[in-house]
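Counting from 1, one number per residue, gives the positions in the sequence shown under UniProt numbering. Yeah, the Cβ is synthetic: ideal placement off N, Cα and C, and Gly gets one too. Keep in mind it's a predicted model, so treat the numbers as computed, not measured. Data block below; observations after.
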Amino acid sequence: QTDVKQVDVMSLFYWLIYYSQLPSSTNLHNHNSAEFILLFLSTGALKWKDGLQQKASEAFLRQQEADPNLRKLVYGPVVEAENGAGEEEELGGLFRVSRPQNSKKVQANAFDCSRFHPDTSHNWDLEEMLNSIRDCFVTGKWEEGQDAATLLKEDEELYGDFEDMETGEVHKGQTGQQDPNSENDDHDDEVEERLVKANDDEVQKKKRMEKKRRLKERFDAEYDDGDATYFDDLKEEMQKQAELNRAEFEDVDDGTRVQYEGFRPGMYVRLEIPSLPCEFVTNFDPHYPIILGGLSSSEGNIGYLQMRLKKHRWHNRILKTRDPLILSLGWRRFQTIPLYHIEDHNGRHRLLKYTPQHMHCGASIWGPVTPQGTGFLAVQSVANFRIAATGVILDLDKSVTVVKKLKLIGYPSKIFKNTCFVKGMFNTVLEVAKFEGASVRTVSGIRGQIKKALSTPPGAYRATFEDRLLMSDIVFLRSWYPVSVPQLYNPVTSLLLPVGQKDSWAGMRTLGQLKHDLGIRTKPNTDSLYKPVVRAQRRFNPLHIPKELQKALPFKSKPKQQQPKGKMPRDLQRPTVIREPQEKKVAALAAYQTQGVPAAEKKQEEAKLKRHKEARKKLYRVMGQMDQKRQRSSLKGAPQDD
């Protein structure tokens with residue numbers, strides 16, 4: 001007890017902690033706590049303090065490992081890089097010495113923590129696990145082609161005896177003693193091998209022939225019928241179906257067969273057509289063939305049709321717009337009035353008066369609705385069956401607006417430089433308001449624009465032009481006017497005519513036929529007739545150039561409009577008169593009086609003017625000298641002389 005009293009209480013407390021952490025399997029727990037403490041104190045009271053820090057750290061680590069850590073469970077253990085002082089050193093405190101890092105190699109060789117490593121442990125005590133690998137050893141069961149003994153025997157037979165082809169020497173393999181039975185067995189084996197080889201060759205040959213046959217069949221199926229289309233394939237399929245139906249219903253009566261597959265081609269049927277005109281029955285001609293067809297529900301409507309048309313090359317004349325034409329379209333034959341037009345580069349459908357030569361044009365008609373792409377032919381009369389045109393249906397609605405050219409003409413009333421008042425083109429102010437901003441042009445080619453309507457006269461407007469107009473100019477406005485398609489649909493009822501007259505059906509006549517039958521002659525417009533052009537010869541006044549300007553011009557630019565004098569006719573020539581000496585003196589005196597005296601007087605006048613001019617020069621010179629002398633004296637301060 002005395003020794004126990006000397007024990008430090010704190011040391012005893014630490015020992016109790018250490019004792020509590022010991023596992024229960026240790027022998028220390030079997031003793032009494034007091035006996036254990038006495039035993040410890042008797043062995044040495046202070047030995048338990050050795051390595052106390054290490055023991056505490058190990059206890060902490062065990063506690064950390066015992067607790068679940070989500071990071072370790074998800075990512076696994078991560079090797080942390082040891083940043084020791086020995087990895088990098090500073091040389092003089094300035095530079096670092098680069099050395100290979102062994103820790104990086106350790107990290108590279110470590111396991112990938114992002115991968116899941118399954119548990120591959122097997123219990124080899126089980127009989128099933130042993131049987132799974134029993135055949136992997138020599139003692140196991142091997143296949144005939146993989147048995148080691150069999151493979152060695154085949155190698156000996158294959159490489160036992162061989163002949164050197166270069167030297168001709170035969171090399172014998174090492175063989176043991178053989179009995180006659182083994183030789184017979186070998187011979188039988190060789191014969192059997194030859195038979196098997198021959199059978200294998202025959203089988204391979206048959207396989208190759210079968211492969212070639214299939215390849216040829218596929219080639220023939222693809223290339224022999226290269227021209228066959230989808231329609232041909234469809235017909236072939238229908239033919240096969242018809243043969244199948246024929247074989248199936250061969251022993252069935254016609255009544256039952258019709259209920260299943262309908263009326264077959266070649267059968268006679270009786271039809272009942274309601275609402276048929278009585279003329280069809282009374283004028284029935286059994287010698288005239290009749291074709292019966294059917295229409296879909298959508299083809300019973302009437303509407304606008306857009307088509308592409310071309311005049312037939314052997315038709316004797318071109319077709320005129322608004323002339324009735326008989327069309328054979330689908331199951332129908334009808335008469336209609338087409339409007340021919342052509343599409344310009346800007347999308348405008350311009351009305352044509354006649355069909356163009358050797359090219360297509362558009363046509364708009366009023367007729368039965370027909371699917372797009374349906375072809376048609378046109379004739380002008382049933383009696384004279386000559387194909388006039390052919391074409392195809394393009395569209396089924398009134399999306400195309402056919403327009404024709406319309407020129408409005410006006411005349412200038414007042415002209416103010418480039419501004420002009422135009423009259424006679426419109427009738428009301430409202431019409432002018434609709435065309436404000438429209439472009440106009442004169443016959444001479446001067447372009448302009450409509451600005452605003454004038455109050456008086458009605459229909460007049462103000463327009464501006466690029467240049468000044470003349471009162472003789474004509475102003476016109478180029479516009480386009482929409483044309484409506486005539487709604488005429490007249491079916492050809494030739495089957496209702498009496499016998500012998502079915503080819504003489506006549507529908508609506510053309511305008512030319514009406515004028516010819518009624519004896520009407522068209523009065524042409526006088527302005528549209530050809531007239532001889534008579535141009536009056538214009539005489540221009542001579543160009544007047546002032547004399548001063550003529551003097552300043554160079555010689556090549558001076559006017560040279562003097563007409564050369566023609567030779568005087570002989571009848572107008574006077575006879576030469578020879579004067580006498582006395583007559584010469586009288587003529588000279590008269591000439592002197594008329595020419596010499598004025599010339600002398602002119603010379604005297606010029607001399608007089610010259611003398612006056614010289615006198616004025618002298619006077620001005622003296623006056624100038626006096627002024628200079630006066631100025632010099634004023635500068636010196638001398639008194640001025642009066």
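Residue pairing for C361: DSSP places it in a beta bridge opposite L309. Pairing V429 with R350, the inter-Cα distance amounts to about 29 Å. The C-beta distance from G448 to F465 rounds to 4 Å, short enough to fall under 8 Å. Annotation for S328: the continuous beta strand (DSSP E) segment containing it runs 325-329. Per the C-alpha coordinates, the member of K585, V597, D503, E583 positioned closest to D285 is D503. With 16 or more neighbouring CB atoms inside 10 Å of its own CB, Q335 falls in the buried class.
Listed in chain order, the non-local C-beta contacts of I365 below 6 Å within the same chain comprise L305, T336, P338, local neighbours out to five positions each way being set aside.
Three or more Cβ pairs closer than 8 Å define a contact, and the stretch 385-394 meets that threshold against the stretch 311-328.
Burial of V485 is indicated by the presence of at least 16 other C-beta atoms within 10 angstroms of its C-beta. Look at the beta carbons and you see the stretch 375-386 touching the stretch 500-516: at least three pairs across the two are nearer than 8 Å.
With respect to R308, V392 sits close: the two C-beta atoms are nearer than 9 Å. Put simply, the backbone Cα of T321 is about 30 Å away from that of K434.
In the three-state DSSP reduction, L454 falls in the coil class, being neither helix nor strand. When the beta-carbon positions are compared, L295 and G330 come within less than 9 Å of each other. Of the residues assessed, P581 falls on the exposed side of the cut-off, its CB having fewer than 16 other CB atoms within 10 angstroms. Following the DSSP letters along the chain, one finds C278 in no beta strand (DSSP E) but inside the alpha helix (DSSP H) bounded by residues 278-282. The alpha-carbon separation between E436 and P412 amounts to approximately 17 Å. The beta carbon of Q550 sits closer than 8 Å to those of K558, P559, all from its chain and outside the five residues before and after it, given in chain order.
With at least 16 other beta carbons inside 10 angstroms of its own, P368 counts as buried.
An exposed status is given to T526, since fewer than 16 other beta-carbon atoms sit within 10 Å of its beta-carbon. Rounded to whole angstroms, R333 and Y230 show a C-alpha spacing of 31 Å.
For T419, the uninterrupted beta strand (DSSP E) run begins and ends at 419-423, by DSSP. In the assembly as shown, H341 is a buried residue. Its beta-carbon has 16 or more other beta-carbons within 10 Å. Secondary-structure assignment with DSSP links Y481 through a beta bridge to K404. The C-beta distance from G375 to M425 rounds to 47 Å, too long to fall under 8 Å, and the pair is not in contact. In terms of Cβ geometry, R462 and K417 do not form a close pair [threshold 9 Å].
By a beta-carbon distance limit of 8 Å, L319 contacts T355. Their separation comes to about 5 Å. In this chain, the alpha helix (DSSP H) harbouring Q259 covers 254-261. Counting along the chain, the unbroken beta strand (DSSP E) around R332 starts and ends at 332-336. Put simply, of G410, I450, H358, K531 the residue whose alpha carbon is nearest the alpha carbon of M471 is G410. At a cut-off of 4 residues, the continuous stretches assigned as alpha helix (DSSP H) that sit fully inside the stretch 495-552 are 511-518, 547-552.
Straight across, the Cα-Cα distance linking E299 with C361 is about 25 Å.
In the three-state reduction of the DSSP assignment, Y268 falls in the coil class. Residue environment: A600 is assigned as exposed (fewer than 16 neighbouring CB atoms within 10 Å of its CB, all protein chains considered). L495 places its beta carbon less than 9 Å from that of N283.
One alpha carbon belongs to K636, the other to G624, and they sit about 19 Å apart.
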